[in-house]
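A.B. asks: Just so you know, the sequence shown maps onto residues 0 to 315 in numbering that gives the first Met the number 0.
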Amino acid sequence: METLPNGMTFITAGFKWSIGSPHFSQLYTDHGRKGRILLFNFNTPEKGVTELSFDEDFDQSTFHPHGISVIQNKDTGKITLFVVNHTPDEDRIERFEFIEEKMMLEHELSYIDEAINIANDVAATSENSFYFTNYCYSRSSLGYLIEAIVLLLPWGNVVYFDGAHYSEVVDGLLMPNGILLSKDKKYAYVANGILSSLSVFEREANNHLEISQEFQLHASPDNFLIEPKSGNLLVGVHPVLHQTGAHLEAPDLHRAPTKVLMVHMKNSSFADGITELYSDEGNNISAGSVASVYDNKMLIGSVVDKLLYCEVRTLE
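#1: Taking the straight line between their C-alpha atoms, what separation do you get for THR75 and PRO4?
#2: If you follow the alpha helix (DSSP H) that GLU209 is in, where does it begin and where does it stop?
#3: Report the option in PHE9, THR49, GLU99 and TYR136 whose CA atom is closest to the CA atom of VAL82.
#4: Using C-beta distances below 6 Å, list every residue in its chain close to LEU179, excluding the 5 sequence neighbours before and after it, in chain order.
#5: Grouping DSSP H, G and I as helix and E and B as strand, with all else coil, what is GLU226?
#6: Whole angstroms is fine: what's the gap from LEU144's alpha carbon to GLY34's?
#7: Measuring straight from C-alpha to C-alpha, what distance separates GLN316 and TYR186?
#8: I believe GLU213 touches PHE200 by the beta-carbon criterion, under 8 Å. Please report the beta-carbon distance rounded to the nearest angstrom.
#9: Please list the terminal residues of the continuous alpha helix (DSSP H) segment that includes PHE23.
#10: Can the beta-carbon of LEU104 be found less than 8 Å from the beta-carbon of PHE23?
#11: Once you ignore the five residues that flank LYS296 on each side, which residues in its own chain have a CB closer than 8 Å to its CB?
#12: Verify whether the separation of the beta carbon atoms of ASP251 and HIS237 is less than 8 Å.
#13: Does the distance between the C-beta of ALA163 and the nearest non-hydrogen atom of the ligand FAD fall short of 7 Å?
#14: Could you say which of SER267, GLY47, GLY300 and LEU150 lies nearest to LYS182 if we only look at CA atoms?
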């Protein structure tokens, strides 16, 4: 999910990728799941979420969204969404324009390239440039099992698209998850799920990323968002990774715990402390993966479970 300064929050739903289990894929089909983009407004939480429609030319049947990045043009007000899409044949990144009066997403472009393996998240730098993480190299569940679970091969990376070319800017990563840019876009934050750490990178003039800090979270991070008042990082983490794995294999049989952490940042460049905002054993929300805070209210999203809305008294 991603929240704009006015409280509008865009949420991806219908996660499914090629390295998932056959059991999960069958559940997905049996329950009639589909890829969707939802809209939640922190100013009117009683209305819940609204499912956005797509223009008629976009094929929603092959849309399985994952990571998302939203930017708004300061001059025109145009809202652009970049969304990772795990189609049955390939991973791609879709670009949409949000048409608010129609509550519709108009598809503008599909970014398709061999540099996109198993994408996880995307972080836009303009209306036609972005970073994204490749979680792993293998596209099959067996290949992923051997690569990432058995051998722990660091074949993940971060790639930058400048509007014309794709360039690998960080390599040798072990299953990187979310990626987010600081407010001033001078730093990039990458979630290292297996290593339970946050990587802080400084952006160079050529858009390559130079590591400046590795910060231990003691839980597996999934996605980041920025808390608007403090500028600190909000992180959805998985405290017990093997339980999260079991939940993603068979969400009808296994629950997994959820934690939301706030990482205290100095000048957007240095992490120096953690406050735990939310913790649950999996009863209220299972495998929570992302959280957004707006006016002391918090919305927590999960990989395949549900959304949870609550107050955050820790910040008062």
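The C-beta atom is built at its ideal place from N, Cα and C for all residues, glycine as well.
C.D. replies: Answer, in terms of the structure:
#1: The sequence position of residue 75 within the sequence shown is 76, counting from 1. The sequence position of residue 4 within the sequence shown is 5, counting from 1. Distance between the alpha carbons of THR75 and PRO4: 16 Å.
#2: As a working note, residue 209 is residue 210 in the sequence shown. Counting along the chain, GLU209 falls outside any alpha helix (DSSP H), though it belongs to the beta strand (DSSP E) covering 208-215.
#3: Counting from one through the sequence shown, the residue named residue 82 turns up at place 83. Residue PHE9 is the option with its Cα nearest to VAL82.
#4: Against the sequence shown, residue 179 aligns to sequence position 180. Result list for LEU179: ALA122, TYR188 and PHE223, in chain order.
#5: The residue given as residue 226 occupies position 227 in the sequence shown. GLU226 falls in the coil class under three-state DSSP.
#6: Position 145 of the sequence shown, counting from 1, holds the residue named residue 144. Position 35 of the sequence shown, counting from 1, holds the residue named residue 34. Approximately 25 Å between the Cα atoms of the pair.
#7: Given that the chain is displayed from residue 0 to residue 315, the structure contains no residue 316 and the question cannot be resolved.
#8: For this step, residue 213 is matched to residue 214 along the sequence shown. For this step, residue 200 is matched to residue 201 along the sequence shown. No, GLU213 and PHE200 are not in contact; Cβ-Cβ is about 10 Å, not under 8 Å.
#9: By one-based count along the sequence shown, residue 23 stands at place 24. Note, PHE23: alpha helix (DSSP H), 21-29.
#10: Taking the sequence shown and counting its residues from 1, one reaches residue 104 at position 105. Taking the sequence shown and counting its residues from 1, one reaches residue 23 at position 24. 8 Å or more divides the Cβ of LEU104 from the Cβ of PHE23.
#11: Here residue 296 refers to the residue found at position 297 when the sequence shown is read from its first residue. Within the same chain, LYS296 has close Cβ partners PHE41, PRO44, TYR308, CYS309, GLU310 and VAL311.
#12: Position 252 of the sequence shown, counted from the start, is the residue given in the question as residue 251. Position 238 of the sequence shown, counted from the start, is the residue given in the question as residue 237. Cβ distance not < 8 Å, so ASP251 and HIS237 don't count as in contact.
#13: No copy of the ligand FAD appears in this structure; indeed no ligand is present at all.
#14: Numbered from its first residue, the sequence shown carries residue 182 at position 183. Taking only the C-alpha atoms, the option nearest LYS182 is SER267.
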